[in-house]
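Peer 1:
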Amino acid sequence: MMKQVMYKWAKKTFIDLRADKEHIWRFANSENHHAMGVVTTWFFCGVLKEDEAYALNFKHDEGTNSGAFFRWTDLENPVQTGIEIQIFDTHGNEPAMTHCSGALYDCLAPIRNTCKPAGKWNTMVLTADGSNVTVVMNDELTIQADLSQWTEAGKNPDGSPNKFQRSFCEIMEPGHIGLQDHGGHIWFKDLELTLL
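Quick note on the numbering used here: the sequence shown kicks off at 72 and runs consecutively.
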């Protein structure tokens, strides 16, 4: 059951973890920010939570690769210590794959590919409640996963490989929430975090 919206993210909430390399993330106003670049960069909200719903709107250019992270515990190693919901320019791609927009990255393909074409705004609501993770993209359920089923590092429940050194069943502790730029242009707006 949702309690209340605790945070509306603004510029002061974020830290650009690669700002020393080049100024990649830019804020259009107090609620929106825009990322561009060709190297992986990260923004994180310095709020540690375990169970939350996190909502955002995003749009991307052609070929853009990005992601929304949660339960990210080591700021130096987001990929191996957090969980990513893929944001990728995959409109019209079928079948949906584990690197498709809306996927539990490298672990579970979305139920359907609901990503809109480049330049169009998408909505995403990610809910992490204990071991249960759901993602609703553009008002359609894309992920319904029980992380307790990921019991072996480097392997998904169906036996297919993934690149993670920890099994997802171990990633239940509170962690940071983050946004990734991994090449191309990505825009985010209206980010909200709700505690469960």
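Every residue, glycine too, gets a C-beta built ideally from N, C-alpha and C.
At which residues does the beta strand (DSSP E) containing Gln251 begin and terminate?
Peer 2: Here residue 251 refers to the residue found at position 180 of the sequence shown. Gly246 to Asp252 is the span of the beta strand (DSSP E), which, as asked, contains Gln251.
Peer 1: Just the C-alpha distance for Leu197 and Ser238, rounded to the nearest angstrom, thanks.
Peer 2: Taking the sequence shown and counting its residues from 1, the one referred to as residue 197 is at position 126. Taking the sequence shown and counting its residues from 1, the one referred to as residue 238 is at position 167. Looking at the two C-alpha atoms, the distance is approximately 20 angstroms.
Peer 1: Name the two residues that bound the continuous beta strand (DSSP E) containing Gln151.
Peer 2: If you number the sequence shown from 1, residue 151 lands on position 80. Counting along the chain, Gln151 falls outside any beta strand (DSSP E), though it belongs to the alpha helix (DSSP H) covering Pro149 to Thr152.
Peer 1: Buried or exposed, going by whether 16 or more other CB atoms sit within 10 Å of the CB of Met222?
Peer 2: Position 151 of the sequence shown, counting from 1, holds the residue named residue 222. Sequence check: residue 222 is Thr here, not Met. Flag for Thr222 reads exposed.
Peer 1: Helix, strand or coil for Ser219? Go by DSSP, reduced to three states.
Peer 2: Walking along the sequence shown from the start, residue 219 turns up at place 148. Ser219 falls in the helix class under three-state DSSP.
Peer 1: As a quick exercise: from Phe140, Gly230 and Leu262, pick the residue whose alpha carbon is nearest that of Asn193.
Peer 2: Numbered from its first residue, the sequence shown carries residue 193 at position 122. Of the candidates Phe140, Gly230 and Leu262, the one whose C-alpha sits nearest the C-alpha of Asn193 is Leu262.
Peer 1: Name the DSSP bridge partner or partners of Gln157?
Peer 2: Sequence index remark: in the sequence shown, residue 157 carries index 86 (1-based). Partner(s): Gly138.
Peer 1: Whose C-alpha, out of Ile257, Lys260 and Pro245, is nearest the C-alpha of Gly201?
Peer 2: For the purposes of this step, residue 201 is taken as the residue at position 130 of the sequence shown. Per the Cα distances, Pro245.
Peer 1: Going by alpha carbons, who is nearest to Ala174 out of Phe235, Pro232, Gly255 and Leu212?
Peer 2: Position 103 of the sequence shown, counted from the start, is the residue given in the question as residue 174. Nearest C-alpha to Ala174: Leu212.
Peer 1: Could you confirm whether any beta carbon from chain C is found closer than 8 angstroms to the beta carbon of Asn128?
Peer 2: Looking for chain C here will not work: only one protein chain is present.
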